[in-house]
Amino acid sequence: MGTEKTVVAKKEAKVERTLRIDTERLDNVMNLVGELVLERNRLFSIIKNMEERYSEDEDFVHLVGTGGRLNLLTTDLQMAVMRTRMQPVGKVFSKFPRMVRDLARTRGKEIELVMLGEDTELDKVIIEEIGDPLVHLIRNSVDHAIEPPEERERAGKHRSGVIKLSAYHEGDQIVIEIADDGRGIDHAKIRDKAVEKGVISSSEAASLSEKEALNLIFAPGFSTAEKVTDISGRGVGMDVVKTNITNLNGIVYIESEVGQGSRFTLKLPLTVAIIDALMVGTGNETFAIPLSSVIETLKINKEDIKTISDKEVISLRDGVLSLVRLSDEFNVQATADMDSMYVVVIGLSEKRIGVMVEGLLGQEEVVIKPLGDYLTNISGVSGATVTGDGKVVLILDINTLIQQQVDGRTMHGLANNGGVSQ
């Protein structure tokens, strides 16, 4: 009996180590951590300004040391709070086995769903938002990608199709893949349908690579389905999938081979609250570029810039890189007669462009703040932050920036909004 009491007591003690917390309280703590990060950045800015005058002062040396320790503590606190907000992606994955089984039965198909990486953790905000995009992608795989058993056998495949859903870490991002061994997507058919629907012109379609053509399925209202079904409609919603992922500062792209299958890849940040950014300057404005999108930086002379079809480009190794002047995109007054410029090479999937700026101001951890009503009409911006010196800085939306360059459009400038400096 004494042993039983001991076991029960241990179980009760273990239960008491778990505490239910309202997620709103966690959000409030994360907001406070964000404010702490801003104040830390402001302190570092003050220390940097004082360095030249007080570098030999003993009190200043102690201040620098205290600042360094504060930085470590702030980082540890930030990571601890982020961990409390993390939830396994399996919370979303768990509903898919039954969904696939029921949909396959409805369509007369045999489908095996394989899930990997259910323990991979994501910020709860992202977990809450990725459910619908994943549902739509998996429904499309069941309805359009996986063939009926008889058709698969005629193609030399196993009667049962396979949909593989996996999640894993890649650097400071989470990757979610939805792959199938179905009929694949014909990029030529995609081109024809895009021209037919007026999404692009015939000449533009001819110049697209296979990957670029496949990604046209994310264009608004685009569909190649021959008929409407009650499972996934007529392909409607793929543009919404991309929009939802983009709103989370993520990207989505597709790879496919006819007769072999397709793979949709979603890349998402670990958190949507705080990111590492490259700070760049153009004219009197400062912008933040998410570091996860930066491939490399270059310094070029103005003689290196060539013009092809009215677009500025430079030669980069064995290829040609299209350029965009940040000052032109946001209608910022640039510094005149500069002999050299910096190029920040950014990319999503296979797409690459070079963003021309006047200066590289360094890397900084920034807290993402939503845009107020005053700035909501500025395209190509995902949010704003405040630097250590109190300046409001816009955070570039890399997805939109690249897409608008591909489409040949220019963003709304800052001139009509009075700038963003304080």
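Note that this note's numbering has the sequence shown beginning at -14, numbered continuously upward. Even for Gly, the Cβ is constructed at its ideal location relative to N, Cα and C. Remember, it's a predicted structure, so these values are computed and weren't measured experimentally.
- Each of N229, A89, E103, L386 was checked against the Cα of G146, and the nearest Cα belongs to A89.
- Segment contact: the stretch 297 to 304 against the stretch 248 to 255, fewer than three CB-CB distances shorter than 8 Å; contact not assigned.
- For S30, the CB contacts under 8 Å within the same chain, skipping 5 residues up- and downstream, are T372, G373, D374 in chain order.
- Pairing R248 with T385, the inter-Cα distance amounts to about 23 Å.
- For G169, the three-state secondary structure derived from DSSP is coil.
- Distances from the CA of K109 to each of V340, P73, T228 were compared; the closest alpha carbon is that of P73.
- Between the C-alpha atoms of H129 and K182 there is a straight-line separation of about 20 Å.
- S187: member of the alpha helix (DSSP H) spanning 187 to 192, first to last residue.
- For T91, the secondary structure class from DSSP, reduced to helix, strand or coil, is helix.
- 8 Å or more divides the Cβ of T59 from the Cβ of L17.
- M64 counts as exposed, since fewer than 16 other C-beta atoms from the protein chains shown sit within 10 angstroms of its C-beta.
- Rounded to whole angstroms, E113 and G368 show a C-alpha spacing of 20 Å.
- Three or more beta-carbon pairs separated by less than 8 Å are not found between the stretch 221 to 235 and the stretch 304 to 317, which leaves the two stretches without contact.
- Under the three-state reduction of DSSP, M323 is assigned to coil, being neither helix nor strand.
- Check the Cα spacing between M323 and each of V352, L356, R83, I285: the tightest is with I285.
- Within the model, the alpha-carbon separation for L23 versus R38 is close to 24 Å.
- Comparing C-alpha distances from I115 to each of E36, I159, L11 shows the shortest one belongs to I159.
- A straight-line Cα-Cα distance of about 14 Å links R302 and G339.
- Residue burial is scored here from C-beta neighbours: D61 has fewer than 16 other C-beta atoms within 10 angstroms and is therefore classed as exposed.
- Contact between I131 and G93 does not hold, since the beta-carbon distance rounds to 11 Å and is not under 8 Å.
- Boundaries around I299 are those of the beta strand (DSSP E), 296 to 301, since no alpha helix (DSSP H) includes it.
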